[in-house]
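Chains as they are written, first to last, in numbering that gives the first Met the number 0: chain A, 0 to 193; chain B, 0 to 193. Cβ atoms here follow ideal geometry from the backbone N, Cα and C, with glycine treated the same way. These notes concern the structure reproduced below.
Number of protein chains: 2
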Amino acid sequence: MARRTGSSAEVTGPRIRAAALRLFARHGYAAVSMRQIATEVGLQAGALYLYTPDKQTLLFDLLRGHMEDLLAAYRVPEGPPEARLRQFVRFHIGYNLDHADEVFLSYMELRNLEPANFAAIESLRRRYEDRLSAILGDGVGQGAFQITDVRLATMAVIAMLNGVNTWYRQSGRLSRDEVLAIHETMAKGMIGAR
Amino acid sequence: MARRTGSSAEVTGPRIRAAALRLFARHGYAAVSMRQIATEVGLQAGALYLYTPDKQTLLFDLLRGHMEDLLAAYRVPEGPPEARLRQFVRFHIGYNLDHADEVFLSYMELRNLEPANFAAIESLRRRYEDRLSAILGDGVGQGAFQITDVRLATMAVIAMLNGVNTWYRQSGRLSRDEVLAIHETMAKGMIGAR
DNA sequence: CCTTGTATTGAACGGGCGTTCATATAACCA
DNA sequence: TGGTTATATGAACGCCCGTTCAATACAAGG
C-alpha cells in the first residue's frame with residue numbers, strides 16, 4: 000500500500016498536529032514516540048516526516064502556534080484600568096479553559112525546547128504578559144491600583160489565573176461564570192484596586 | 000572492578016536520589032535514563048537496582064519524600080486568621096524557594112506516576128492545601144475574610160504563591176524579603192482581609 | 001591471613017527509539 | 001488515457017532503553 004484513498008496534506012497535517020498535541024499534553028513530549036503519533040492518525044511513522052522535519056520542530060510549532068493564536072485572540076481592552084483588568088481576567092481564564100492542552104503543553108515542555116526555540120517562545124510569552132503589565136501600570140499612574148512592583152504583580156496575577164486550569168472541570172461545583180467573577184474580585188484585591 | 004574503595008550503602012543511596020532529583024527536575028522523568036543517573040553518581044546502571052526496585056519507584060519515593068518533608072516542616076500557626084495567613088504565605092514561599100527542584104518535580108511529573116502512586120501524592124498534597132483552607136475558613140467564620148468559596152480561594156492563593164518559583168532568582172531585582180512582603184499583601188487583598 | 005558478606009561490574013536480554021529511503025499506489029492533469 | 005506528482009508504506013539503520021544476573025573485588029571481623 001502507499002497513498003490512500005481520500006487522503007491529502009490539508010487533512011493529514013492538522014490531524015498530525017492535533018494528535019501530537021493531545022499525546023504530548025497527556026504523556027509528555029519525551030514519553031511520546033513518533034510511532035504513537037502516527038498510529039493515532041492511522042499512518043506509519045515515516046509518513047510524519049512529510050509534515051515535519053523532526054520531532055523537536057513538531058513540538059516547537061505547536062507551542063509557537065499556540066502563543067501566536069493567543070496573542071491574535073487578545074483584544075486590547077479600553078476604558079478605565081479596573082474595567083480593562085476585568086476584561087483581561089475574563090479573557091485569560093476563558094482562553095486557557097478553551098485551549099487547555101495547548102496551555103498545559105506550553106508550560107510543561109519549555110525545557111524540552113532547544114535554546115533558540117525556547118527563546119522564541121519566551122519572547123512571545125513576554126509580549127503577552129506585557130499586556131497585563133500595561134493595564135497595571137496605567138492603574139498605578141491613575142492612582143487606581145496600589146502596586147509595589149508592576150512586574151511582580153503581573154506574574155502573580157497570571158500565576159493565580161493559570162491555577163484555574165489545574166482544577167476546573169465543567170461538571171464541577173462552580174459554574175464557569177462564578178469562577179470568572181470570583182477571580183475578577185481576587186485580582187482586584189491583589190493589586191489594591193479601590 | 001567491583002566494590003569500590005570507601006563506598007557504602009549509606010552514602011550511595013542518598014547520592015542516587017540526589018542525582019535523580021536533579022536530572023528529573025532538569026530534563027524530565029521520561030527524558031532521563033537510568034544510565035545517566037548512574038553515570039552522575041559514578042556507577043554502572045545495574046548498581047542502581049540495589050537501591051530502588053525500578054525507575055518508577057525512584058520517582059515516586061522522591062515525590063513522596065518531598066510531600067512528607069513539607070508536611071513535617073509546617074508548623075500550624077496560631078493567632079488571629081490574618082497573622083496565620085501571613086505565616087502560611089511566608090512558610091510556603093520560603094519552603095518552595097529552598098526546595099525548588101523537589102517542588103518543580105512534584106508538579107511536573109505527577110502524570111508519570113502510576114495511578115496508585117498518583118493518588119498517594121495527591122492525598123498528601125490535599126492535606127497540605129487543607130491547612131490553608133483551615134485558616135481561610137476560620138477567617139470567614141470570624142468575619143475577617145470575605146470569601147465566596149474557601150476551596151477556590153485556597154487553590155488561587157497557592158497558585159499565586161507557586162508562581163514565585165518560576166521567576167525568582169537570588170540575584171534578581173527584588174530581595175527575598177520584599178517578595179515575601181508583597182505576597183503577604185496580595186494574599187490578604189485576594190480574600191478581602193480588612 | 002582467611003573467611004564472609006557487601007557493593008559493584010559488565011555483559012546480555014528483548015524491545016523501542018528517531019530518522020531515512022527505495023518503492024508503490026492514488027489523485028490529478030494534459 | 002497516460003504520464004506526472006503527491007502521499008504513503010515498510011524495511012532498515014544505528015543507537016539507547018529498563019532491567020537482570022553471574023562473576024568479582026573489596027571491606028570487615030575473627
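Residue i: contacting residues in chain B (beta-carbon distance under 7 Å)
{"i": "N161/A", "result": "A158"}
{"i": "I181/A", "result": "T147, D148 and L151"}
{"i": "G191/A", "result": "G188"}
{"i": "M185/A", "result": "A155 and M189"}
{"i": "M107/A", "result": "M107"}
Contacts around residue i, its chain only, beta-carbon distance under 8 Å, and the 5 residues preceding and following it disregarded
{"i": "A17/A", "result": "none"}
{"i": "R89/B", "result": "L179 and E183"}
{"i": "R21/A", "result": "E39 and D100"}
{"i": "N95/B", "result": "V102, L160, N161, V163 and N164"}
{"i": "Q141/B", "result": "P79 and P80"}
Contacting residues, own chain, Cβ-Cβ under 6 Å from residue i (five flanking each side not counted)
{"i": "A152/A", "result": "L135, I146 and I190"}
{"i": "P79/B", "result": "none"}
{"i": "H91/A", "result": "L160"}
Check whether residue i and residue j have beta carbons under 8 Å apart
{"i": "G162/B", "j": "M154/A", "result": "yes"}
{"i": "L84/A", "j": "K187/A", "result": "yes"}
{"i": "M33/B", "j": "L47/B", "result": "yes"}
{"i": "R150/A", "j": "S122/A", "result": "no"}
{"i": "A192/A", "j": "E77/A", "result": "no"}
{"i": "T11/B", "j": "Y50/B", "result": "yes"}
{"i": "L42/B", "j": "D148/A", "result": "no"}
{"i": "A158/B", "j": "A24/A", "result": "no"}
{"i": "V75/A", "j": "R130/A", "result": "yes"}
Other residues of its chain near residue i: CB distance less than 7 Å, five sequence neighbours each side excluded
{"i": "Y28/B", "result": "L58, E108 and N111"}
{"i": "I15/A", "result": "I36, V40, L47 and Y50"}
{"i": "F144/A", "result": "P80, L135, G138, I190, G191 and A192"}
{"i": "R168/A", "result": "none"}
{"i": "Q86/B", "result": "P76"}
Residue i Cβ short of 7 Å to the ligand FMN heavy atom set
{"i": "K187/A", "result": "What this structure holds is no ligand at all, so the ligand FMN is not there to describe."}
Contacts of residue i in chain A (Cβ-Cβ under 8 Å)
{"i": "N95/B", "result": "Within chain A, no residue comes near N95/B; the closest Cβ sits about 12 Å away, beyond 8 Å."}
{"i": "R110/B", "result": "R25, H26 and G27"}
Partner residues on chain A for residue i, Cβ-Cβ distance less than 7 Å
{"i": "M154/B", "result": "G162 and W166"}
{"i": "L173/B", "result": "D148 and L151"}
CB-CB length for residue i against residue j, believed under 8 Å
{"i": "A19/A", "j": "L62/A", "result": "About 11 Å; that fails the 8 Å criterion."}
Beta-carbon neighbours of residue i, restricted to chain A and to distances below 9 Å
{"i": "L70/B", "result": "Result: empty, since nearest Cβ-Cβ is about 20 Å, beyond 9 Å."}
{"i": "A119/B", "result": "The premise fails here: A119/B is roughly 18 Å from chain A at the closest Cβ pair, so nothing lies under 9 Å."}
{"i": "A143/B", "result": "The contacting residues do not exist; A143/B stays about 14 Å from chain A at best."}
Determine contact between the segment 124–142 of chain B and the segment 66–85 of chain B, defined as no fewer than three beta-carbon pairs at a distance below 8 Å. yes
Between the segment 42–60 of chain B and the segment 109–119 of chain B, do at least 3 Cβ pairs fall closer than 8 Å? yes
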